[in-house]
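Letter 116 of the sequence shown, counting from 1, is numbered 116 in the UniProt record's numbering, and no numbers are missing.
We put the beta carbon where it would ideally sit given N, CA and C, even for glycine.
Just so it is clear, the structure is predicted and the values come from calculations on it, not from any experiment.
Step one of this worksheet: look at the structure below.
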Amino acid sequence: MFRHLTTVNVLTTLLGADAGTVKVAGYDVATDAKAVRKAIGVTGQFAAVDELLTGQENLELMVDLSPGTDRKTVAELLARFDLTDSAQQPASTYSGGMRRKLDLAMTLVGSPRIIFLDEPTTGLDPRSRRTMWTIIRELVADGVTIFLTTQYLDEADQLADQVAVLDQGKLVAQGTPDELKRQIPGTHVRLRFADSEQLAAAAQLFADATPDDESLTLRVPSDGGTSSLRDLLNRLDEYALSAEEFSVHTPDLDDVFLALTGHATEVPAK
1 MFRHLTTVNV LTTLLGADAG TVKVAGYDVA TDAKAVRKAI GVTGQFAAVD ELLTGQENLE
61 LMVDLSPGTD RKTVAELLAR FDLTDSAQQP ASTYSGGMRR KLDLAMTLVG SPRIIFLDEP
121 TTGLDPRSRR TMWTIIRELV ADGVTIFLTT QYLDEADQLA DQVAVLDQGK LVAQGTPDEL
181 KRQIPGTHVR LRFADSEQLA AAAQLFADAT PDDESLTLRV PSDGGTSSLR DLLNRLDEYA
241 LSAEEFSVHT PDLDDVFLAL TGHATEVPAK
């Protein structure tokens, strides 16, 4: 069965495509694979570190395999990933989070323009997962392009500028997280009013609005877009109505995936 791993393998020149053309960093993966490999870094789902070597030795090995890379890069990466104190310890003694950080640090040797991260937080505890998120955001801020695969859709929501949804090898949707969530029915604006009179008056203004007399709230279907929200507020102003609280509720990316594919995301193996 076609999986996201096939896509990553094609993009990183590890597997030839059956058809079509793919360019990474401006280079054709089929005809200019060597140039593609120079431009990218790849981190798999499981940390690919030599457990017999220390953290520092793992990085030194990568530097030796990357012509033109200065040895001072090792100390810089150890410091950046908060591994300096454990640099002389064998990688076999590292926690899962430390191994992932070392693996990503090794990927950065040679300063790749694009980094492929295949489920980088799978198996990590919540604290290590948040640390990895911070590192990814810092890389993006430095101008590195991150191609991230994940089964944790809250992770995609937090980190991604663009999300592509694959189902059975087919691209079924692409856009920003907010754009994808607005495609799914269920997005609505929730308004809370000071009294029942204002609530009743507001309920008359919007088709399909659902009032809740007990909480003095009104649920108004909306796509959550700026234009729609502006129209809603202008409509209230027109009738001298004012909501005390205003919030937009949207489906999450799990809802998006379920609606687009007809099934939930897989739960990663523990």
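By the Cβ rule, the stretch 24–32 does not count as touching the stretch 66–81, because fewer than three pairs are nearer than 8 angstroms.
Taking a C-beta distance under 9 angstroms as the contact criterion, Arg190 and Ser247 qualify as a contact pair.
In this structure, the straight-line span from the alpha carbon of Thr261 to that of Leu108 is close to 35 angstroms.
Considering only Glu119, Gln89, Thr217 and Gln88, the residue with the shortest C-alpha distance to Arg100 is Glu119. Pairing Met98 with Ser86 gives a Cβ-Cβ distance under 9 angstroms. The continuous alpha helix (DSSP H) containing Gly55 extends over residues Gly55 to Asp64. Here His188 is buried. Its C-beta has 16 or more other C-beta atoms within 10 Å. With fewer than 16 other CB atoms across the displayed protein chains lying within 10 angstroms of its CB, Lys23 is exposed. Excluding five sequence positions before and after Leu59, the CB atoms of its chain that fall closer than 8 angstroms to its own CB belong to Thr73, Val74, Leu77, Leu78, Leu102, Ala105, Met106 and Val109, given in chain order. Around the beta-carbon of Glu155, 16 or more other beta-carbon atoms lie within 10 Å, marking it buried.
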